[in-house]
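*Asks:* In full-length UniProt numbering, the protein residues as written are 1 to 316. One structure follows; several queries about it will come next.
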């Protein structure tokens, strides 16, 4: 067996640090020291010009540029975002014409509906699951399924039907509803449902045909929005790890197939953990041409208000 001796390092070659190309430089990348009383814009500008902070700046730049150019900014979001108490922040972006379309999964509509109705949502699943009570609130299941059944005879899709009903039924906390805000601003609000994933599917009033039809209408509407993303639009995926990245990819494929050739747009994925589908189907694949994709990792209740304030300050 070969026996090894410690390596002699005396002959290694070295160079001067002054000749090296460095990625991090004082005066160019470093954060500024905090100080009391500074404005938000000063604080935002003081963040390091590196990594996540620069990714966030990139998303803000893209959103501001999209709105100045009249291009869509689409918010695609999962249910946890609502449970972080962010409706007032997102509603402010809708009312300021920053967000021009909203796409959600079914859980968003449930939490939004409950908040608008009673000012609260998000039951303790672990505490009630064994008793067979999880998801069986009468007002939610009966109310939302009734709205969808009534609306299927008209032209509205899932999202607009629920949002309009929240307004017409004068829910006590309707001012906190994102769906109602979208209806009030007359912007697309679409809901993309997987049958069996939402508590309203557990109720006897649920009709799979109605739910499927209303959600399919919304998919067609969303595809029209996606077809307009090219040359400066923005798609923001916030807190949806599977469903909405897949919906986005299919809508984009249809738009391309029909000749819209959507390119030159920006995508971003905001989430606490970066998952495969958002990274692949939102950040990477759709932007392979002349687009750009960003990842913002962290808690929604921190990153979304930072993002919103930075955008509103810039637009102001």
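For glycine and all other residues, C-beta sits at the position ideal for the given N, C-alpha and C.
Taking only runs that begin and end inside the stretch 207–264, name each unbroken alpha helix (DSSP H) of 4 or more residues, in chain order.
*Replies:* 208–227 and 243–257, all fully within the stretch 207–264.
*Asks:* Are residue 187 and residue 287 closer than 7 Å when you measure CB to CB?
*Replies:* Residue mapping note: residue 187 aligns to position 187 of the chain shown, counting from 1. Residue mapping note: residue 287 aligns to position 287 of the chain shown, counting from 1. It is not a contact, given that the beta carbons lie outside the stated cut-off.
*Asks:* With a CB to CB cut of under 7 Å and the five nearest residues on each side skipped, what residues in its chain are close to residue 63?
*Replies:* Here residue 63 refers to the residue found at position 63 when the chain shown is read from its first residue. If we look at residue 63 and ignore the five residues flanking it on each side, its Cβ neighbours are 73, 98, 234 and 311.
*Asks:* Counting only the same chain and skipping the five closest in sequence on each side, list residues whose C-beta sits under 8 Å from that of residue 221.
*Replies:* Translated into positions along the chain shown, residue 221 becomes position 221. So the list reads 157, 188 and 190, once near-sequence residues are dropped.
*Asks:* Among 120, 149 and 262, which one has its Cα closest to the Cα of residue 173?
*Replies:* Within the chain shown, the letter at position 173 stands for residue 173. If we check each option's Cα against that of residue 173, 120 comes out closest.
*Asks:* Is the stretch 227–241 touching the stretch 203–214, taking contact as three or more C-beta pairs under 8 Å?
*Replies:* Contact between the stretch 227–241 and the stretch 203–214 is absent, because fewer than three Cβ pairs lie under 8 Å.
*Asks:* Does residue 140 pass the burial test, meaning 16 or more other C-beta atoms within 10 Å, or should it be called exposed?
*Replies:* What you label residue 140 is simply residue 140 of the chain shown in a count that begins at 1. When all chains shown are included, residue 140 counts as buried.
*Asks:* With H, G and I counted as helix, E and B as strand and the rest as coil, what does DSSP make of residue 77?
*Replies:* Sequence index remark: in the chain shown, residue 77 carries index 77 (1-based). Strand at residue 77.
*Asks:* Throw me the rounded Cβ distance for the residue 281 and residue 243 pair, which I believe falls under 8 Å.
*Replies:* Position 281 of the chain shown, counting from 1, holds the residue named residue 281. Position 243 of the chain shown, counting from 1, holds the residue named residue 243. Actually they are not in contact, since the Cβ atoms of residue 281 and residue 243 sit about 11 Å apart, beyond 8 Å.
*Asks:* Around the Cβ of residue 258, are there at least 16 other Cβ atoms within 10 angstroms (buried) or fewer (exposed)?
*Replies:* Position 258 of the chain shown, counting from 1, holds the residue named residue 258. By the neighbour-count rule (16 or more Cβ atoms within 10 Å), residue 258 is not buried but exposed.
*Asks:* Might you give, ordered along the chain, the residues of its own chain that have their beta carbon closer than 7 Å to the beta carbon of residue 46, omitting 5 neighbours on each side?
*Replies:* Position 46 of the chain shown holds residue 46. Here the set comprises 31 and 32.
*Asks:* Assuming residue 289 contacts residue 263 under a Cβ cut-off of 8 Å, what Cβ separation, rounded to an integer in Å, is found between them?
*Replies:* Here residue 289 refers to the residue found at position 289 of the chain shown. Here residue 263 refers to the residue found at position 263 of the chain shown. Between residue 263 and residue 289 the Cβ distance is about 4 Å, and since that is below 8 Å, they are a contact.
*Asks:* Provide the residue(s) that pair with residue 297 in DSSP beta bridges, ordered along the chain.
*Replies:* The residue given as residue 297 occupies position 297 in the chain shown. Answer is 271, bridged to residue 297.
*Asks:* Within 10 angstroms of the Cβ of residue 25, are there 16 or more other Cβ atoms? Answer buried if so, exposed if not.
*Replies:* As a working mapping, residue 25 is identified with position 25 in the chain shown. Counting Cβ neighbours within 10 Å, residue 25 comes out exposed, since fewer than 16 surround it.
*Asks:* What's the C-alpha gap between residue 80 and residue 277?
*Replies:* Taking the first residue of the chain shown as position 1, residue 80 is located at position 80. Taking the first residue of the chain shown as position 1, residue 277 is located at position 277. Taking the straight line joining both Cα atoms gives about 17 Å.
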